[in-house]
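What follows is a set of notes on a single structure, which appears directly below.
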Amino acid sequence: NFNNNNNNGLKNEPIYAEVNKKKTGQVASPEEPIYTQVAKKVKAKIDRLDQIASGLGGVGQAGFSLKGHTKVGDLSKVGLSREQELKQKIDNLNQAVSES
Numbered sequence: 004n005f006n007n008n009n010n011n012g013l014k015n016e017p018i019y020a021e022v023n024k025k026k027t028g029q030v031a032s033p034e035e036p037i038y039t040q041v042a043k044k045v046k047a048k049i050d051r052l053d054q055i056a057s058g059l060g061g062v063g064q065a066g067f068s069l070k071g072h073t074k075v076g077d078l079s080k081v082g083l084s085r086e087q088e089l090k091q092k093i094d095n096l097n098q099a100v101s102e103s
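The sequence shown begins at 4 in the numbering used here and counts up by one.
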């Protein structure tokens with residue numbers, strides 16, 4: 004009977020989760036896949052850009068709102084065209100911010 008109890012209250016925790024904790028200093032959740040973590044960061048960045056855009060009002064091309072996907076189950080289904088479209092909008096926003 005092999006029980007990997009590493010005295011942190013979690014039994015059978017994968018070794019990579021342990022390593023991640025040591026590297027980042029925060030609890031790495033094996034239940035949360037990496038693309039979920041990435042999606043959260045992307046959403047946060049879009050929200051931040053939305054705040055900047057709304058603060059700019061009608062400057063240049065920044066009078067629009069970036070829409071994040073509410074839920075993307077499979078990231079492989081997100082097309083490159085969507086990525087290019089977002090990149091273009093972000094570039095436009097960055098340009099408008101630097102000009103203001």
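In this text, a Cβ means the ideal position worked out from N, Cα and C, and glycines have one as well.
None of the values given here were measured: they were computed from a predicted structure.
- With a contact defined as Cβ atoms closer than 8 Å, Val100 and Ile55 qualify at about 6 Å.
- When rounded, the separation of the alpha-carbon atoms in Gln87 and Asp94 is 10 Å.
- Between the alpha carbons of Pro36 and Ala47 lies a gap of roughly 17 Å.
- Per DSSP, reduced to three states, the secondary structure at Glu34 is coil, with no helix or strand assignment.
- Counting other Cβ atoms within 10 Å of its Cβ, Lys92 reaches 16 or more and is therefore classed as buried.
- Distance between Lys44 and Tyr38, taken at the CA atoms: about 10 Å.
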